[in-house]
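Shown next, in structure tokens, is the structure this report addresses.
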Amino acid sequence: MATTADTDARLDAREIDGEPFSDIVAELEALDDGETLLLVNSFEPEPLYDVLADRGFAYETEQVAADEWRVYITPE
Numbered sequence: 001m002a003t004t005a006d007t008d009a010r011l012d013a014r015e016i017d018g019e020p021f022s023d024i025v026a027e028l029e030a031l032d033d034g035e036t037l038l039l040v041n042s043f044e045p046e047p048l049y050d051v052l053a054d055r056g057f058a059y060e061t062e063q064v065a066a067d068e069w070r071v072y073i074t075p076e
């Protein structure tokens, strides 16, 4: 599993007012091959997983607190 130190970009969805999907997509599009985006969320973003798979991204998820999930996302 990647670690926070291994990430190239970080997006904390908890700090976004409203729907974070467009912000997440913008961060994903900015990733180069081999780079990792750390997405922090207050819940497990299960609906995002199909979107990631459809767009060619791999991901690993970990729950670090009751209200903090981290998803490490990399282009495949």
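The numbers in the sequence shown follow the UniProt record's numbering, run straight up by one, and end at 76. C-beta: ideal position from N, C-alpha, C; glycine also.
(request) Can you say whether R70 is buried or exposed, counting buried as having 16 or more other CB atoms within 10 angstroms of its CB? (result) Taking the first residue of the sequence shown as position 1, residue 70 is located at position 70. The residue in question, R70, is buried, as its Cβ has 16 or more Cβ neighbours within 10 Å.
(message) I believe A9 touches E29 by the beta-carbon criterion, under 8 Å. Please report the beta-carbon distance rounded to the nearest angstrom.
(response) Here the question's residue 9 lines up with position 9 in the sequence shown. Here the question's residue 29 lines up with position 29 in the sequence shown. A9 to E29, Cβ: 11 Å. No contact.
(request) Quick one: residues in its chain with C-beta nearer than 6 Å to the C-beta of Y59, no 5 flanking neighbours on either side, listed in chain order? (result) Looking up residue 59 in the sequence shown gives position 59. If the five residues before and after Y59 are omitted, its C-beta is found closer than 6 Å to the C-beta atoms of L52, V71 and I73, all from its own chain and listed in chain order.
(request) Taking E76 as the reference, give the member of T36, V64 and D17 with the closest Cα. (result) If you number the sequence shown from 1, residue 76 lands on position 76. Checked all of T36, V64 and D17; the closest Cα to E76 is T36.
(message) Considering just the uninterrupted stretch of the beta strand (DSSP E) at E62, what are its terminal residues?
(response) Here residue 62 refers to the residue found at position 62 when the sequence shown is read from its first residue. The continuous beta strand (DSSP E) containing E62 extends over residues F57 to A65.
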